[in-house]
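Asker: Below you'll find the structure I mean.
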Amino acid sequence: MWTDASPDRGRELLQQMEHFRSIIYGVAFPDLPPGGVTLVIALRDHRESAAFTPLYHPAYAMHGGPLLQPTMVLPADAYGDETLVAHELTHAISYNAVHEQPRWFAEGIAMYFQSIDLDAKHATVDVGKPPPDVGELRSHPLEPITAMFACKEMSCTDDHIFYSTAWTMYAWLRNEHPKELAHLEELFEDEPADRAWREVFPDHAIETFALELRAWLTSGGLKIWTFKIALKTWPVTQRTLSDADVHAARALLDLEQHRDRVDAEVAAALALEPNQVVARTIDYTLHHDRTTVPIARAVVAAHPDQWLAWRMLAETLHSGAEAHDAHVKMCDLVLQNPALSAYRRCAKERSASQPGP
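Quick note on my numbering: the sequence shown kicks off at 1473 and runs consecutively.
Take a look at the structure:
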């Protein structure tokens, strides 16, 4: 986590997020190792975050981008916005487990876990409480399921009915078909969502599924789950961000809302630290031709533990023994972080290179 909030608030946020991570993995992805790193940029307060976040969205999560890993942006003072923070944190954490997600699934799982009710004193957590807007679906139509599957951009999620329908779809799967839900999550990695659905649910036609969902929603089939949990205190290591780190963070934030400011922030970061890995990665992503082999080698020398540096070197070299060795080193580091977009590719490459029995 990169933050300009107080150290005490930063530690508090980290503990809260690690608790949520444990709960979400334990409930939603119990068969997966809870690995993977999420980058969190926690800006000091709502006023500061408003300079970098979309209007009416004081927090957001993304995956991919130049760093190719789940990233979350939020105001560090969001004490009264636990639901909002939990929603975006669920996005970020779920990207660690399911790299390719249809929009209805992404919003459905985030809506489902945003109402996590953690009672640290009694070591219990309630999961699955419906958000307030879901009640409207008892008297209003659901979003057409064909539209849910067709939605791929944020623009088609403006209506709150979309979010309520997404919650209902995910809650139905979580309550009634947990094995099929796990199978869907696997298929999403390689198949379009509608094809994956038809493979897992051949008897639940997408075109008529809304009727079944409504019947389930009004029949009392909804369950709120209560789990006993064992919370731990997570170790936190603190370091001071450099001025170059701050400019790099601003460049990363500006990519989403203020693309015209990115080059200036990158230039400011690299003027202070020519090998700042985030700034170099953003510059490489936007302007491939500006990264020469000597620059890539210098970044690797400065950050030998950063997979992005080795990727830059391998791709800048294009071919040859040094490029091969850089790619191997890159995958060594990638395989330590399952949240990275390159994880599956490196895992397949490593598996294919192993000798047979």
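Cβ atoms here follow ideal geometry from the backbone N, Cα and C, with glycine treated the same way. Bear in mind that the values here come from a model prediction, so they are computed numbers and not experimental data.
Using a Cβ-Cβ cut-off of 7 Å (strictly less than) and excluding sequence neighbours within five positions of R1762, which residues of its own chain qualify?
Answerer: Cβ neighbours of R1762 within its own chain (closer than 7 Å, five residues either side excluded): D1755.
Asker: Looking at C-alpha atoms only, which residue of A1811, C1818, A1736, R1722 is the closest neighbour of L1515?
Answerer: Selected option, being the one with the closest Cα: R1722.
Asker: For V1771, tell me which candidate among Y1532, A1477, L1742, G1536 has the shortest Cα-Cα distance.
Answerer: L1742
Asker: What residues in its chain sit with their C-beta under 7 Å from that of L1653, if we drop five residues either side in the sequence?
Answerer: L1645, R1646
Asker: Does DSSP classify Y1528 as helix, strand or coil?
Answerer: The answer is coil: DSSP assigns Y1528 none of H, G, I, E or B.
Asker: Along the chain, where does the beta strand (DSSP E) that runs through L1546 open and close?
Answerer: 1543-1547
Asker: Considering only DSSP beta bridges, list what F1699 is partnered with.
Answerer: Bridge partners of F1699: V1597.
Asker: Which one or two residues does DSSP pair with A1514 in a beta bridge?
Answerer: Residue pairing from DSSP places A1514 in a beta bridge opposite T1475, L1546.
Asker: Should A1702 and G1508 be called a contact, given that it needs their Cβ atoms to be closer than 8 Å?
Answerer: no
Asker: Buried or exposed for E1671, please, with buried defined as at least 16 other CB atoms from any protein chain shown within 10 angstroms of its CB.
Answerer: exposed
Asker: Helix, strand or coil: how does DSSP classify A1811 here?
Answerer: coil
Asker: According to DSSP, L1590 sits in a beta bridge with which residue or residues?
Answerer: As computed with DSSP, L1590 is found in a beta bridge with V1597.
Asker: Report all residues from its chain with a CB closer than 8 Å to the CB of A1550; omit the five preceding and five following residues, and keep chain order.
Answerer: H1518, P1530, A1531, L1556, V1557
Asker: Find out if the Cβ-Cβ distance for the pair R1769, L1744 is shorter than 8 Å.
Answerer: Inclusion of R1769 and L1744 in the CB contact set at 8 Å is not warranted, their separation being larger than that value.
Asker: Quick check on the DSSP output: the alpha helix (DSSP H) that includes L1805 runs from which residue to which?
Answerer: 1793-1806
Asker: Since Y1528 contacts I1581 with CB under 8 Å, what's their CB separation in whole angstroms?
Answerer: Incorrect: roughly 22 Å between the Cβ atoms, too far for contact.
Asker: Within 8 Å of any Cβ in chain D, is that where the Cβ of D1755 sits?
Answerer: The structure shown contains no chain D, having only a single protein chain.
Asker: Indicate the three-state DSSP secondary structure (helix, strand or coil) for A1500 in the structure shown.
Answerer: helix
Asker: Leaving out the 5 sequence neighbours to the left and right, which residues in its chain are closer than 7 Å to G1536 when beta-carbon positions are compared?
Answerer: S1813
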